[in-house]
Structure formats: structure tokens, C-alpha cells
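Undergrad: If you scroll down you'll find the structure; I have some questions about it.
Residue numbers (the numbering used here): 3 to 337.
Next up, the structure:
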């Protein structure tokens, strides 16, 4: 992979002269990944990148200290490109972050809702607001990303055009929020990996994580009957909870099944060591992509997340960048 073209870091997230680090994300300024990066790493500059590969390269070539990579969403499912890039990224996973996705309807300042005719946003976001659009009689139009849609609406100067994006995207582009929480489902949440250069964070550094530890593994299995059952058996036998497993094929072949796994334990813990020992006897290879603190957000996704259906007063909500009360702060352009 070649080095990405230099791009100035956006430093609105940190006081001038007091930047703690730089975190890369895929998307335009104001994208949901930009907002998540500011929440995950307060005081860091954010570096927008045109692709996930560019965000990874920004870390590999020293332009950023970490990359924020969306890996799954409660509505849209997994982010396939991340699974394809991670095995060969030469990065280590050092954290996870969850962020509830709250869509805002954005328009030119002073625009009444009745003047809006078309709403521009990312195709995945369109799927998440289709009931709202139908109820308001608005036409949805696909755009390359949510923050990019806000940029376009601001540049057109047409009050009949609006965007659905984060409130941060509206703030950065001088747009006004006509309605908040226009998503149809209240449990729309994206999980992100935080990735750093190999060797930058040693797993021993998070042994005292208050909510426990997570481990992400890449496992290659044999293409024989019962292989997956045998590989997973050690985790069940030793009481290690697996929260996620995704399959993919390696090198364009259909006889080399590989799996990305997230488990709630870490090497060095007796149960995990026993499970990994059992796994090693049944798989072709196993690699640890990262050991990192388990997010406090786990266990209560979707509680009390308002939508346009239930919210009596859409103007009463948290400002962008502030986590919901009682939550640990936690889409790339996978809203």
C-alpha cells in the first residue's frame, strides 16, 4: 500500500496547541466517523480520509496515531471492506467504541420544513429514514456520504434541498437543524475498532480495564466437515463468551475458510489460554489482532433512544459530541 496524499488534520476537537494525537477516519468532516472519533479520543485532531484503506495507511505511514474503523451496525450489519483490510493492515486493535446514530434533517438557515422537497444522504441512511420521509412527503436522493450531502446542500443555496446527516455536519457547513432524531429505529448504533501501529500498545497495558477485556482473532480453519464446531468447542468448554464471528475466504479460494472472532476475554487469563490451546489443535492458524478494554456500552444497546415517532419535542436533545446521559461514549459512513 502506498502512502496517502497529505491532508490537513481538523483540530476543532482540541484546544489550539494542545493536541494529544491524531486519529484518522473515512469520510468528510462532520461524518458520523468524525463525530465518533471526537468522542473516542477527546483532545485529538481528526484526519478525514477518502477511504478505509487511506485511513489505515495514514497510521502506517505516520500521518495519524490511530484509525477509527467501523466494523458493524445494528441495522446495516457488518462493514465488509474492514474485514478484507484488517488481516493485512499491519495494525493492532487497541479499543472499541460504540456510537448511537442520530440523524438530523439539515437545511439552509431560515428554511421552513414545508419548503423542503428533496432530502440527500447516504444510501444506508436513506433506508433508515424511509418512514420519516414518507410521513413528511419528502423525496430521498442518494449521495456519496452524509457529510458530503450537507456540503452539497450548503453550496446549492436552494431551500427546497435538505440533507440528513449529523448535527456536527450541519454546524461545520452552516446549516440549520429542522428536525432531530429522524431515524425510524431507536437502536441504530455503530461499533468501531480503534487501530494503532503494531507495538504501539502492549496488551499488558489494559489488564486493569474496569469492564473487562476483548480479544479479536483471525482464525484459518481446515475445509473439512465439523471444522467450525471443533474450533468453537474450546470456547464453550472453558466458558469464554464469543460476541461475534464473521467468515470470509482467503486469497480468492473457496477451500480456505477464515473467521474473524471477538471474544470477551484475553490471553493470560486461564480460561482464554485453555480455549486458545484447544483452538490451536483444530485450526490451521490463529492470530491475535488486538487485546483491548471492553466498552461500558455493551449490554444495553437501544435503551431510551428516541426517534421522530416518540420524541414530543425534537429540539430537546444533547448537542453534538455529548454522549447520552448514563452512557459511555462510543459508522464510518455506515450510519
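Don't be surprised by glycine CBs; every beta carbon is placed ideally from N, CA and C.
Using C-beta distances below 6 Å, list every residue in its chain close to residue 97, excluding the 5 sequence neighbours before and after it, in chain order.
TA: Here residue 97 refers to the residue found at position 95 when the chain shown is read from its first residue. Closer than 6 Å at Cβ, skipping near neighbours: 196 and 294.
Undergrad: Would you identify the three-state DSSP class for residue 256, choosing helix, strand or coil?
TA: Working through the chain shown from its first residue, we reach residue 256 at position 254. Correct three-state label for residue 256: coil.
Undergrad: Skipping 5 residues on each side, what residues in its chain have a beta carbon closer than 8 Å to that of residue 296?
TA: Taking the chain shown and counting its residues from 1, one reaches residue 296 at position 294. Closer than 8 Å at the Cβ level, and outside the excluded window around residue 296, lie 98, 211, 213, 214, 215, 216 and 266.
Undergrad: Would the stretch 41-48 count as touching the stretch 19-33 if we require 3 or more Cβ pairs under 8 Å?
TA: Judged by Cβ distances under 8 Å, the stretch 41-48 makes contact with the stretch 19-33, as three or more pairs qualify.
Undergrad: Given a threshold of 16 other Cβ atoms within 10 Å of its Cβ, counted over all protein chains shown, does residue 223 qualify as buried or as exposed?
TA: For the purposes of this step, residue 223 is taken as residue 221 along the chain shown, with counting starting at 1. Looking at its Cβ environment, which holds 16 or more other Cβ atoms inside 10 Å, residue 223 is buried.
Undergrad: Rounded to whole angstroms, what's the CA-CA distance from residue 173 to residue 111? Just pull it up for me.
TA: The count along the chain shown starts at 1 and reaches residue 173 at position 171. The count along the chain shown starts at 1 and reaches residue 111 at position 109. One C-alpha to the other measures close to 11 Å.
Undergrad: What are the complete beta strand (DSSP E) segments, minimum 3 residues, inside the stretch 118-191?
TA: Taking only runs of at least 3 residues, the beta strand (DSSP E) segments lying wholly in the stretch 118-191 are 120-123, 141-144, 163-167 and 178-182.
Undergrad: Have a look at the DSSP bridge pairing and note the partners of residue 79.
TA: By 1-based counting over the chain shown, the position of residue 79 is 77. In DSSP, residue 79 forms a bridge with 75.
Undergrad: Since residue 61 is in the beta strand (DSSP E), which residue starts that stretch and which ends it?
TA: For the purposes of this step, residue 61 is identified with residue 59 of the chain shown, where counting begins at 1. Run containing residue 61: none in the beta strand (DSSP E); it sits in the alpha helix (DSSP H), 54-62.
Undergrad: Could you tell me which residues DSSP puts in a beta bridge with residue 102?
TA: One-based indexing of the chain shown puts residue 102 at position 100. BP columns for residue 102 point to 191.
Undergrad: Can you tell me the Cα-Cα spacing of residue 102 and residue 177, whole angstroms?
TA: Residue mapping note: residue 102 aligns to position 100 of the chain shown, counting from 1. Residue mapping note: residue 177 aligns to position 175 of the chain shown, counting from 1. Approximately 22 Å, taken between the alpha carbons.
Undergrad: Within this structure, are the beta carbons of residue 147 and residue 30 separated by less than 8 Å?
TA: If you number the chain shown from 1, residue 147 lands on position 145. If you number the chain shown from 1, residue 30 lands on position 28. Result yes, Cβ atoms of residue 147 and residue 30 sit closer than 8 Å.
Undergrad: Does DSSP put residue 67 in a helix, in a strand, or in coil?
TA: Taking the first residue of the chain shown as position 1, residue 67 is located at position 65. The answer is coil: DSSP assigns residue 67 none of H, G, I, E or B.
Undergrad: Going by DSSP, what residue range makes up the alpha helix (DSSP H) through residue 272?
TA: For this step, residue 272 is matched to residue 270 along the chain shown. Start and end: 272-284.
Undergrad: From the DSSP output, in three-state form, read off residue 246 for me.
TA: As a working note, residue 246 is residue 244 in the chain shown. Note: residue 246 maps to strand in three-state DSSP.
Undergrad: Report buried or exposed for residue 264, applying the criterion of at least 16 other Cβ atoms within 10 angstroms of its Cβ.
TA: Along the chain shown, read from residue 1 onward, the residue named residue 264 stands at position 262. When all chains shown are included, residue 264 counts as buried.
Undergrad: Here's the rule I'm using: 16 or more other beta-carbon atoms within 10 Å means buried, otherwise exposed. How should residue 251 be labelled?
TA: In the chain shown, counting from the first residue as 1, residue 251 sits at position 249. Exposed.
Undergrad: Are the C-beta atoms of residue 252 and some chain B residue less than 8 Å apart?
TA: The question asks about chain B, but that chain is absent: this structure has only one protein chain.
Undergrad: Check this for me: beta carbons of residue 189 and residue 258, under 8 Å apart or not?
TA: Taking the chain shown and counting its residues from 1, one reaches residue 189 at position 187. Taking the chain shown and counting its residues from 1, one reaches residue 258 at position 256. Their beta carbons are not under 8 Å apart, which means residue 189 does not touch residue 258 by this criterion.
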